[in-house]
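Below is one structure; the comments refer to it alone.
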Amino acid sequence: DTGVSQDPRHKITKRGQNVTFRCDPISEHNRLYWYRQTLGQGPEFLTYFQNEAQLEKSRLLSDRFSAERPKGSFSTLEIQRTEQGDSAMYLCASSFGTPETEKLFFGSGTQLSVL
Amino acid sequence: RKEVEQDPGPFNVPEGATVAFNCTYSNSASQSFFWYRQDCRKEPKLLMSVYSSGNEDGRFTAQLNRASQYISLLIRDSKLSDSATYLCAVTGGNKLTFGGGTRVLVKP
């Protein structure tokens, strides 16, 4: 499978615990995005990498959230001290090219439930 | 005001009919526009890009109105398989901003 892969597909955790998600983009894609989506809403931008550099973070992203993309390949998104409001689908997407022409390819997402 | 806004629907469409819906954006400097399709509990997938001159892909037609800052999607001869949520997306800076989606239900 040469698409964007995300792991795990589902994560159930208790409030206050830390969670980490992984995203493996399409291999030749230099841009990687994290989005969050709740039921009935569109994807909300969280952060964006070009190669290994994190170029933009949303104001939605509190200091409990951190993302990395070491070596410009896979990426991880960590949420510390999870809260019930963090429950959502976390989507990773990758692309190649400039923002004006790029087309995003999404992974299947990680569904997070915080109890 | 949200950067990108859509009528959430649902648009209930008889099979074979035509349906059209819009998406408005607030940033006049936006350069690129897209329509994505999202099936229930699935990831969004690119449906089509939206060019200044408008573009057509089979039964789907997308148009851009820069003066009024909206894009539109028209689906002709609707199929049951067209039932989905249609997300518009607009570039601004380094990121793609999505609308909340328009739900379309095609019924026999």
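Protein sequence lines, in the order shown, are assigned to chains A and B. Just so it is clear: in the first sequence, position 5 is 7 by our numbering, and no numbers are missing. Just so it is clear: in the second sequence, position 70 is 140 by our numbering, and no numbers are missing. We treat Cβ as the ideally placed atom computed from N, Cα and C, and that holds for glycine. Treat the numbers as computed from the prediction; the structure is a model and nothing was measured.
### Message
Considering only the alpha carbon of each residue, which of F91/B, R136/B, G169/B and Q108/B lies closest to R146/B?
### Response
Taking the second sequence and counting its residues from 1, the one referred to as residue 146/B is at position 76. Closest option to R146/B, Cα to Cα, is F91/B.
### Task
Assign G87/A to one of three DSSP states: helix, strand, or coil.
Looking up residue 87/A in the first sequence gives position 85. DSSP places G87/A in helix when its eight states are reduced to three.
### Task
Could you check the C-alpha separation between L157/B and G169/B for me, to the nearest Å?
Along the second sequence, one-based indexing puts residue 157/B at 87. Along the second sequence, one-based indexing puts residue 169/B at 99. So the two alpha carbons sit approximately 6 Å from each other.
### Query
Does any CB atom of chain A fall closer than 9 Å to the CB of E113/B?
Taking the first residue of the second sequence as 1, we reach residue 113/B at position 43. It does: the Cβ of E113/B has a partner Cβ on chain A nearer than 9 Å.
### Message
Is there a Cβ of chain B sitting closer than 9 Å to that of K16/A, yes or no?
### Response
Taking the first sequence and counting its residues from 1, one reaches residue 16/A at position 14. So, not an interface residue.
### Query
When DSSP labels each residue in this structure, what does D77/B get in the three-state scheme?
Along the second sequence, read from residue 1 onward, the residue named residue 77/B stands at position 7. Residue state, collapsed to three classes: coil.
### Query
Who are the near neighbours of R173/B in its chain, counting only those whose CB is closer than 6 Å to its CB and skipping five residues on each side?
Position 103 of the second sequence, counting from 1, holds the residue named residue 173/B. Result list for R173/B: G79, P80 and T155, in chain order.
### Query
Using DSSP with H/G/I as helix, E/B as strand and the rest coil, what is S119/B?
Here the question's residue 119/B lines up with position 49 in the second sequence. DSSP places S119/B in strand when its eight states are reduced to three.
### Query
Around the C-beta of C110/B, are 16 or more other C-beta atoms found within 10 angstroms, so that it is buried, or is it exposed?
Residue numbering aside, residue 110/B sits at position 40 when the second sequence is read from its first letter. That one is exposed.
### Query
Taking 9 Å as the CB-CB cut-off, is Y92/A touching chain B?
Residue mapping note: residue 92/A aligns to position 90 of the first sequence, counting from 1. No - not a single Cβ of chain B is within 9 Å of the one on Y92/A.
### Message
Taking 8 Å as the limit between beta carbons, can you name the residues of its chain near T88/B, skipping five residues before and five after?
### Response
As a working mapping, residue 88/B is identified with position 18 in the second sequence. Answer for T88/B: L144, I145, R146, D147 and S148, listed in chain order.
### Cβ-based contacts, 9 Å cut-off: residues of the stretch 97-126 of chain B near chain A
Q101, S102, F104, Y106, Q108, R111, K112, E113, P114, K115, L116 and S119
### Message
Which runs of the beta strand (DSSP E) at least 3 residues long sit entirely within the stretch 31-97 of chain A? Give them in chain order.
### Response
Taken in chain order, the whole beta strand (DSSP E) runs of length 3 or more contained in the stretch 31-97 of chain A are 33-39, 46-52, 55-59, 67-70, 77-81 and 90-97.
### Query
Out of curiosity, what's the CA-to-CA distance linking A95/A and F23/A?
Sequence index remark: in the first sequence, residue 95/A carries index 93 (1-based). Sequence index remark: in the first sequence, residue 23/A carries index 21 (1-based). Cα to Cα, the separation comes out at about 13 Å.
#### Entry: chain A contact for L157/B (CB, 9 Å cutoff)
Numbered from its first residue, the second sequence carries residue 157/B at position 87. Yes, L157/B counts as interfacial toward chain A.
### Task
Have a look at F130/B and S123/B and give me their C-alpha separation to the nearest angstrom.
In the second sequence, the residue the question calls residue 130/B occupies position 60. In the second sequence, the residue the question calls residue 123/B occupies position 53. Taking the straight line joining both Cα atoms gives about 15 Å.
### Chain-order list of residues whose beta-carbon lies under 7 Å from that of L62/A (same chain, five-residue window excluded)
Within the first sequence, numbered from 1, the residue matching residue 62/A stands at position 60. Contacts found: E46 and L48.
### Query
Which first and last residues belong to the beta strand (DSSP E) in which G197/B is found?
Coverage of chain B is limited to positions 71 through 178, which leaves residue 197/B absent and any answer about it impossible.
### Query
Relative to the alpha-carbon of Q76/B, which residue among Q101/B, K165/B and Y140/B has its alpha-carbon at the smallest distance?
Position 6 of the second sequence, counting from 1, holds the residue named residue 76/B. When each option's Cα is compared against that of Q76/B, the closest is Y140/B.
### Query
How would you call D127/B, buried or exposed, if buried means at least 16 neighbouring beta carbons within 10 angstroms?
By 1-based counting over the second sequence, the position of residue 127/B is 57. Result: exposed.
### Query
Thinking C-alpha only, which one of V83/B, C93/B and N82/B is nearest K72/B?
Looking up residue 72/B in the second sequence gives position 2. Out of V83/B, C93/B and N82/B, C93/B has the C-alpha closest to the C-alpha of K72/B.
### Query
Would you say V74/B reaches chain A, if we count a Cβ-Cβ gap shorter than 9 Å as a contact?
Taking the first residue of the second sequence as 1, we reach residue 74/B at position 4. Answer yes: the Cβ-Cβ gap between V74/B and chain A drops below 9 Å somewhere.
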